[in-house]
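What follows is the structure in structure tokens.
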């Protein structure tokens, strides 16, 4: 395991002078949006309402955070997506909420498994950031955890990392800290219903798929090309695993990265941040959707954290999936690959996964279609790491070519399933 990262107060660099005019304008839009929210609140009523939406949990002592202060060093945030069906809204969009067994839902029905696990690292000087997905079916040695509901201790064991959320987010924080050696400052847990309300609040999220896809498991059905997803279709996209990549959780992680980058672009857009109603609706939806640690358990703390995150140039945010290897004991699961430690060591050392932004030239200024931003290249010393997907990319989610879905008892590719399911309506036009 890499040496545990120590918090430090790095000197503030004048990042603004090195950033492009486009990045500075984007930061000003963030400020304008936050001011609009404050003006809309007018009195303390809106502030109290939004604070009341937030659910908070104390962070585990072994992964202590920043106690709500604006960070001066690196920031590490664990973002979790829960497949809980604990509320009527979650049951409606999450599928079966019938009789529970330990093998299928059991304790997970109340506490949920971690359907999404992303470690977000923001550098001390705010010049770069990385988002690393940890596949939910990763098997590793898990720590002993006390269940916050029952008070009973779950013993240390070797199991899927997503099962740790059944003992609360602290257990997942501890497991990720143990896996990566990276100090976790904060966590954000988003539930199913939260994905729906947040995508609705911003008017949908644009995604692209490389081929027609139909995944009968998640019910996602899209024709080839770009689509704007909100509500249930947005959730279907995020949950689809059989339809993307190799039909595993790794393929789903790539699609989730693309969805997240598109959502960030939409949130950062002038159409969102200069519209007070849109800002308030987004803030209301977001605060209702999340459970956070007490260190960021207020609107003021979240606003301060958002201001820090917004300093990072979007073209210097690298998205990666933790390298994995097949689990020889269970083909349905994976284990961390040896190269995963090299990735986490770079994060713990606050090193970028992309190279610093260079001035565009006639030969190097090509940009992904429709983005107007140069694509980043791997940073020196990143050889052997998996390729990054960043916010600068307009890449489409890669639809699986394998027979990864089953339709009427027959295994086939998601594209063939789409062609054979003309009676099933598309998730979005």
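In the working numbering, the protein residues as written are 14 to 442. Ideal placement from N, C-alpha and C gives every residue a C-beta, glycine not left out.
Judged by DSSP in its simplified three-state form, residue 366 adopts coil rather than helix or strand. Residue range 262-281 is occupied by the alpha helix (DSSP H) that includes residue 270. In the three-state reduction of the DSSP assignment, residue 233 falls in the strand class, which pools E and B. Contact between residue 440 and residue 256 does not hold, since their C-beta atoms are separated by about 11 angstroms, which reaches or exceeds 8 angstroms. In the three-state scheme derived from DSSP, where H, G and I count as helix and E and B as strand, residue 183 is classed as helix. In terms of Cβ geometry, residue 330 and residue 134 do not form a close pair [threshold 8 angstroms].
In the DSSP annotation of this structure, the continuous segment of the beta strand (DSSP E) that includes residue 89 starts and ends at 88-95.
DSSP, read as helix, strand or coil, puts residue 435 in coil.
For the set 64, 172, 58, the Cα lying nearest the Cα of residue 126 is the one of 172. Within the same chain, and ignoring the five residues on either side of residue 186 in sequence, the residues whose Cβ sits closer than 7 angstroms to its Cβ are 72, 73, 76, 91, 197, 200.
Counted as a single uninterrupted DSSP element, the beta strand (DSSP E) harbouring residue 130 occupies residues 127-135. Look at the beta carbons and you see the region 138-154 touching the region 245-265: at least three pairs across the two are nearer than 8 angstroms.
For a cut-off of 8 angstroms, the C-beta gap from residue 181 to residue 160 is around 7 angstroms, short enough to register as a contact. With respect to residue 222, residue 410 sits close: the two C-beta atoms are nearer than 8 angstroms. Looking at the DSSP output, residue 357 sits in no beta bridge, so it has no partner there. Under the DSSP definition of a beta bridge, residue 158 partners with 167.
Counting only residues of its own chain and dropping the five nearest sequence neighbours on each side, residue 419 has a CB closer than 8 angstroms to the CB of 229, 425. In the DSSP assignment, residue 313 falls outside any beta strand (DSSP E) and within the unbroken alpha helix (DSSP H) covering 312-322. Looking at the DSSP output, residue 349 shares a beta bridge with 337.
Going by C-alpha positions, residue 274 is about 20 angstroms away from residue 233. Counting along the chain, residue 142 sits inside the beta strand (DSSP E) bounded by residues 142-146. A direct Cα-Cα distance of roughly 31 angstroms separates residue 219 from residue 353. For the set 427, 131, 319, the Cα lying nearest the Cα of residue 296 is the one of 319. For the set 210, 61, 70, the Cα lying nearest the Cα of residue 276 is the one of 210. Where residue 239 is concerned, the enclosing beta strand (DSSP E) starts and stops at 238-242. DSSP, read as helix, strand or coil, puts residue 259 in coil. Here the alpha carbon of residue 316 sits roughly 14 angstroms from the alpha carbon of residue 306. Apart from sequence neighbours up to five positions away, the residues of its chain that approach residue 437 with a beta-carbon distance below 8 angstroms are 227, 234, ordered along the chain.
A residue is called buried when at least 16 other Cβ atoms come within 10 angstroms of its Cβ; residue 432 does not meet this threshold and is exposed. Counting along the chain, residue 423 sits inside no alpha helix (DSSP H); it lies in the beta strand (DSSP E) bounded by residues 423-425.
Per DSSP, reduced to three states, the secondary structure at residue 225 is coil, with no helix or strand assignment. In its own chain, leaving out the 5 sequence neighbours on each side, no residue places its CB closer than 6 angstroms to the CB of residue 58. Following the DSSP letters along the chain, one finds residue 201 inside the beta strand (DSSP E) bounded by residues 199-203. In the three-state DSSP reduction, residue 174 falls in the helix class (H, G or I).
Residue 216 has its alpha-carbon roughly 10 angstroms from the corresponding atom of residue 244. By DSSP's assignment, residue 410 forms a beta bridge with 222.
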